[in-house]
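Structure first, commentary second.
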Amino acid sequence: MKYSVDPVTFFKSFLDAFQKHVSKCGELSIECRFKEKDYIIFLITKDHEVLGQFHMSEHLLNEKTNPLKEFTGRLSSSKTLTQRAETKNCNIKDLRVGMKRLNLTAEVLKVSQPIQIATRFGSYAIIVNAKIADDTGTINLSIFRSQPGMVSVNDIVQIENAHVAWYKGERQLRIGKHGKISVVQRSIYA
């Protein structure tokens, strides 16, 4: 995390600053600048350099609930999922939106015709969409910058460095420019 600050400790520092006017959180200094009826303004500095100033609703501090606690839980579970994905091949049933650097082996069930799309950078790219499966489930696969005919139905493919996104209400496994797909076993029907 930026500035090596734990979010729970960070929030507690705001409580301290609210009560004592100033508090420290690692290398950061948090100062309560202004108290109004419904909100408080805090200034965050590091080595006398202003990093930010914002207002916080006073009820967040009065309830002593930490709104960052849920975020911290999501962050750590996301890191755990990513780390788990980096260490071994994944199963399709275990894939979650946001997971990155995924490796897996699957069978190609269906392949679309190549489509040319305009990228957000103003260039064009070829995309092939496919449906793949392993023993645990199926998922849609989008292969960017692919060569037409790269994969065929019934091929067994090894996918490396892919990520999972949400597209049109479904999980989608994507192989971008840093990903790789290779055919482990060609279909005998190709």
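First residue of the sequence shown: 2, per the working numbering; consecutive thereafter. In this text, a Cβ means the ideal position worked out from N, Cα and C, and glycines have one as well.
Residues that residue i bridges to, as DSSP identifies them
{"i": "GLY138", "result": "ASP135"}
{"i": "GLU171", "result": "TYR168"}
{"i": "GLY99", "result": "GLY99 pairs with nothing; no bridge assigned."}
{"i": "LYS94", "result": "BP columns for LYS94 are empty, so no partner."}
{"i": "ASN130", "result": "SER143"}
{"i": "SER124", "result": "Its beta-bridge partners do not exist; DSSP assigns none."}
Neighbourhood of residue i by C-beta distance below 7 Å, restricted to the same chain and skipping five residues each side
{"i": "LYS181", "result": "GLU161 and ASN162"}
{"i": "GLY53", "result": "ILE45"}
C-alpha gap between residue i and residue j, whole angstroms
{"i": "GLY170", "j": "LYS36", "result": "44 Å"}
{"i": "THR106", "j": "TYR125", "result": "28 Å"}
{"i": "ALA131", "j": "VAL154", "result": "9 Å"}
{"i": "ARG34", "j": "MET100", "result": "40 Å"}
{"i": "GLY150", "j": "SER58", "result": "57 Å"}
{"i": "TRP167", "j": "THR139", "result": "15 Å"}
{"i": "GLU50", "j": "VAL112", "result": "55 Å"}
{"i": "THR137", "j": "ILE93", "result": "6 Å"}
{"i": "ASP48", "j": "LYS38", "result": "31 Å"}
{"i": "SER183", "j": "ALA119", "result": "25 Å"}
{"i": "LEU110", "j": "HIS179", "result": "24 Å"}
{"i": "GLN20", "j": "LEU61", "result": "14 Å"}
{"i": "LEU108", "j": "GLU28", "result": "Residue identity differs from the one stated: residue 108 is Glu in this sequence, not Leu. Distance between the alpha carbons of GLU108 and GLU28 is about 51 Å."}
6 Å CB neighbourhood of residue i in its chain, flanking five on each side removed
{"i": "ALA177", "result": "Note that residue 177 is Gly in the sequence shown, not Ala. Once the five neighbours on either side are set aside, the close Cβ partners of GLY177 are PHE145."}
{"i": "PHE11", "result": "CYS26"}
{"i": "SER24", "result": "SER14, ASP17, ALA18 and ILE31"}
{"i": "CYS91", "result": "LEU103 and LEU105"}
{"i": "LEU142", "result": "ALA131, ILE133 and LEU174"}
Boundaries of the alpha helix (DSSP H) in which residue i is found, first to last residue
{"i": "GLU35", "result": "It is worth fixing the name first, because residue 35 is Phe in this sequence and not Glu. First-last for PHE35: 29 to 36, but that is the beta strand (DSSP E), not the alpha helix (DSSP H)."}
{"i": "THR10", "result": "8 to 21"}
Element boundaries [beta strand (DSSP E), containing residue i]
{"i": "ILE45", "result": "40 to 47"}
{"i": "THR106", "result": "103 to 112"}
{"i": "GLY53", "result": "50 to 58"}
Neighbourhood of residue i by C-beta distance below 8 Å, restricted to the same chain and skipping five residues each side
{"i": "TYR40", "result": "HIS56, MET57, SER58 and GLU59"}
{"i": "VAL1", "result": "Summary: the structure shown does not reach residue 1, with the chain confined to residues 2 through 191, and so no result is reported for it."}
{"i": "ALA86", "result": "Residue placement at ALA86 is flagged as unreliable, the pLDDT there being 44, under the threshold of 50; a coordinate-derived value is accordingly withheld."}
{"i": "MET186", "result": "Here residue 186 turns out to be Gln, not Met, going by the sequence shown. Correct list, in chain order: ASP156 and ILE157."}
{"i": "ASP135", "result": "ASN92, ILE93, LEU105, THR106, ALA107 and GLU108"}
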